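Residue numbers (our numbering), protein chains in the order written: chain L, 1 to 272; chain E, 273 to 523. Ideal Cβ placement from N, Cα and C applies to all residues, glycine included. None of the values given here were measured: they were computed from a predicted structure. Below is one structure, written out as structure tokens, with a few remarks after it.
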Amino acid sequence: MAIALSAITMLVLIVLFIIKEGLPFIFKIGITDFLLSTDWEPAAGKYGIFPMIAGSLWVTLGAILVGVPLGLAGAVFLSEFIPQWAMKTIKPTIELLAGIPSVVYGFIGVMVLAPLIREYLGGPGLSIMAASIILGIMILPTVMSISIDSIKAVPNSYREGAFALGATHWQTIHMVVIPAARSGIIAGIILGLGRAIGETMAVIMVAGNAVKLPNSPLDSVRTLTANIALEMGYATGMHRQALFATGVVLLIIIMLLNYIAMTAIRDRGKKK
Amino acid sequence: MPKKIEIKNLDLFYGQFQALKSVNMAVDGNNIVGLIGPSGCGKSTLLRSINRMNDLIEGVKIRGQVLLEGIDIYSSKLEIYELRKRIGMVFQRPNPFPLSVYDNVSFGLRVEKFKDKKKTAAIVEKSLKAAWLWDELKDKLHKSALSLPLYQQQRLCIARLLAVEPEVILMDEPCSALDPIATMKIEELMLDLKKDYHIVIVTHNMQQASRVSDVCGYMLLGEMVEFGRTADIFTNPKDKRTQDYITGRYG
Ligand SMILES: Nc1ncnc2c1ncn2[C@@H]1O[C@H](COP(=O)(O)OP(=O)(O)OP(=O)(O)O)[C@@H](O)[C@H]1O
Ligand SMILES: [Mg+2]
Numbered sequence: 001m002a003i004a005l006s007a008i009t010m011l012v013l014i015v016l017f018i019i020k021e022g023l024p025f026i027f028k029i030g031i032t033d034f035l036l037s038t039d040w041e042p043a044a045g046k047y048g049i050f051p052m053i054a055g056s057l058w059v060t061l062g063a064i065l066v067g068v069p070l071g072l073a074g075a076v077f078l079s080e081f082i083p084q085w086a087m088k089t090i091k092p093t094i095e096l097l098a099g100i101p102s103v104v105y106g107f108i109g110v111m112v113l114a115p116l117i118r119e120y121l122g123g124p125g126l127s128i129m130a131a132s133i134i135l136g137i138m139i140l141p142t143v144m145s146i147s148i149d150s151i152k153a154v155p156n157s158y159r160e161g162a163f164a165l166g167a168t169h170w171q172t173i174h175m176v177v178i179p180a181a182r183s184g185i186i187a188g189i190i191l192g193l194g195r196a197i198g199e200t201m202a203v204i205m206v207a208g209n210a211v212k213l214p215n216s217p218l219d220s221v222r223t224l225t226a227n228i229a230l231e232m233g234y235a236t237g238m239h240r241q242a243l244f245a246t247g248v249v250l251l252i253i254i255m256l257l258n259y260i261a262m263t264a265i266r267d268r269g270k271k272k
Numbered sequence: 273m274p275k276k277i278e279i280k281n282l283d284l285f286y287g288q289f290q291a292l293k294s295v296n297m298a299v300d301g302n303n304i305v306g307l308i309g310p311s312g313c314g315k316s317t318l319l320r321s322i323n324r325m326n327d328l329i330e331g332v333k334i335r336g337q338v339l340l341e342g343i344d345i346y347s348s349k350l351e352i353y354e355l356r357k358r359i360g361m362v363f364q365r366p367n368p369f370p371l372s373v374y375d376n377v378s379f380g381l382r383v384e385k386f387k388d389k390k391k392t393a394a395i396v397e398k399s400l401k402a403a404w405l406w407d408e409l410k411d412k413l414h415k416s417a418l419s420l421p422l423y424q425q426q427r428l429c430i431a432r433l434l435a436v437e438p439e440v441i442l443m444d445e446p447c448s449a450l451d452p453i454a455t456m457k458i459e460e461l462m463l464d465l466k467k468d469y470h471i472v473i474v475t476h477n478m479q480q481a482s483r484v485s486d487v488c489g490y491m492l493l494g495e496m497v498e499f500g501r502t503a504d505i506f507t508n509p510k511d512k513r514t515q516d517y518i519t520g521r522y523g
């Protein structure tokens, strides 16, 4: 109890600290200038983080486009077509993938993926696309394991009901099982999304980190997380506060996502 | 003219365990067939072998024949999906899909890739009417089926079947989750439906069997001890074991 309380206290303190350091800056510079200006030149007193917001959103969207179809297909395959005993070893293995340090994913992205993109599709290689693919793979374990859990939680009586009406296995899956598991699947996607938007190391390594609005998936971008990590080493004064303010924006985005995920999970509980 | 359903010397094994022992029975004419017997005697197993639901269970072995109008349903002459459309099933616990009332009833049509919206709506209405649900649910068609009370859920499951116009309806203790009034309503509904459908009902409840069935089978430990007219089984059983069960000395 005491440990739990001190853990919570610590989290609250961290959040309060970030807000205290960042919020005054946002008000000083003006919320629209901060969020919507595309000029980020701390040396010249210009603090517009719009390119980074766009970078984070593009990269996260890309990760979803890569990770969700793969994750869902994998989850359906593993939970509906694989015998129970095999699942017992496969699922922990998938969850283990979530524990691989992100620098390893980033390293593979730099060494393998980026050169491939540069060679076959053009651009600098280090790009939205590279980051999307790497992040998409990184969120696979989250999306998959939560989707598997929610597909497994669909009562067998639904499947029996569908089979008894002459439905094929595929029809049963897409007409009954997935709709029944939908809120859990959505929660998994949103948690994956949170992971993607918060990921830092791998993204710094593969996204290229240029501060400009991208024109194509092959362009390089900088994300909010990368912005903080790259500049914190030498930032002082206003610049330092600007990075904290970036953290506040990130925090709000992530809290929103978690809130949506929680509501999705809660609605699912209510329906049963 | 072959019988609607004829079961010949059916053995069924769950792994090593033999759950059905050389069962014979037939479903024909405008009769409701009742299956009674103590818990675990194989009633559900027998019922589920008529629409091949046991195929979903690993390690099930079947010997003998189940003929639908003379055609062996376990042969390749009859596709399993086709079979299940012709022989529908109502389960012990109402199991409507977590979809709207409308989508539940139209489910079988969507399975058949039936696209005509107008006709679908007409079939939904007709099926709900046939299950005596239309008046109760016509304003709730787009509500989740899971929000309905159990007794409506079970009739919804019946409506869902009627929409695909099966020839035979198998019911596995359809009233065991329902109160006496809801049970009576389902029984009346069955008597109404028997004009158009062949019905087989498994029941724990002997009064129910005597009320609704015309033909009845008594099962014990995987055997069909006696199969005949319900009136005969209840008043004049041939087998001593049936007699014991009927008079309440067993189970
Ligand atoms: N999936 C299964 N695997 C192994 N054995 C099973 C399985 N399903 C049923 N059995 C066994 O087969 C026998 C018959 O079961 P069944 O469910 O058909 O009985 P029942 O007459 O319907 O009983 P109840 O009245 O309790 O529903 C039982 O001894 C049961 O334990
Ligand atoms: Mg049973």
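Using CA atoms only, rank isn't needed, just tell me which of the options is closest to residue i.
i                : options                                   : result
Phe27 (chain L)  : L:Thr168, L:Val248, L:Tyr259 and L:Leu257 : L:Val248
Thr225 (chain L) : L:Phe244, L:Lys46, L:Thr200 and L:Gly233  : L:Thr200
Gly109 (chain L) : L:Gly125, L:Pro51, L:Glu231 and L:Lys212  : L:Gly125
Leu57 (chain L)  : L:Val176, L:Ile128, L:Thr38 and L:Glu41   : L:Ile128
Pro217 (chain L) : L:Ile189, L:Ala167, L:Met1 and L:Ala114   : L:Ala114
Asn303 (chain E) : E:Thr502, E:Arg432, E:Thr317 and E:Leu350 : E:Thr502
Val377 (chain E) : E:Asp388, E:Thr392 and E:Pro366           : E:Thr392
Arg427 (chain E) : E:Leu292, E:Pro446, E:Val295 and E:Ile308 : E:Pro446
Ile473 (chain E) : E:Ile359, E:Gln288, E:Lys410 and E:Glu384 : E:Ile359
Ile204 (chain L) : L:Tyr120, L:Val103 and L:Leu5             : L:Val103
Phe285 (chain E) : E:Thr507, E:Glu495 and E:Thr514           : E:Glu495
Asp451 (chain E) : E:Leu422, E:Tyr469 and E:Leu463           : E:Leu422
Gly500 (chain E) : E:His470, E:Leu493, E:Met443 and E:Ala298 : E:Ala298
Val362 (chain E) : E:Tyr346, E:Met443 and E:Tyr353           : E:Met443
Gln424 (chain E) : E:Val440, E:Leu413 and E:Leu405           : E:Leu405
Gly106 (chain L) : L:Pro83, L:Gln84 and L:Leu135             : L:Leu135
Glu437 (chain E) : E:Leu463, E:Ile308, E:Lys387 and E:Ala402 : E:Ala402
Met478 (chain E) : E:Gly489, E:Ile471 and E:Ile334           : E:Gly489
Does residue i come within less than 8 angstroms of chain E when only Cβ atoms are used?
i                : result
Ala264 (chain L) : no
Val176 (chain L) : yes
Phe163 (chain L) : yes
Ser157 (chain L) : yes
Glu160 (chain L) : yes
Residue i touches chain L at which residues, Cβ-Cβ below 9 angstroms?
i                : result
Glu354 (chain E) : Gly166
So which residues of chain E does residue i contact, with C-beta pairs closer than 9 angstroms?
i                : result
Val104 (chain L) : Simply none; closest approach about 39 angstroms.
Consider the Cβ of residue i: report whether some Cβ of chain L lies at a distance smaller than 8 angstroms.
i                : result
Gly287 (chain E) : no
Lys357 (chain E) : yes
Asn326 (chain E) : no
Val436 (chain E) : yes
Phe363 (chain E) : yes
Arg432 (chain E) : yes
Phe499 (chain E) : no
Cys331 (chain E) : Residue identity differs from the one stated: residue 331 (chain E) is Gly in this sequence, not Cys. Taking Cβ atoms only, chain L never reaches closer than 8 angstroms to Gly331 (chain E), which makes this a no.
Gly489 (chain E) : no
Gly360 (chain E) : yes
Under 7 angstroms between beta-carbons, which chain L residues line up against residue i? List them in chain order, please.
i                : result
Val383 (chain E) : Leu165, Gly166, Ala167 and Gln171
Asn323 (chain E) : Ala164
Which residues in chain E have a C-beta closer than 8 angstroms to the C-beta of residue i? List them in chain order.
i                : result
Ala180 (chain L) : Phe369 and Pro370
Members of the stretch 374-401 of chain E that neighbour chain L once the beta carbon cut-off is set at 8 angstroms: Phe379, Gly380, Arg382, Val383 and Glu384
Can you pull every residue whose C-beta falls closer than 5 angstroms to some heavy atom of ligand 1, listed in chain order? E:Tyr286, E:Ala291, E:Ser311, E:Gly312, E:Cys313, E:Gly314, E:Lys315, E:Ser316, E:Thr317 and E:Ile329
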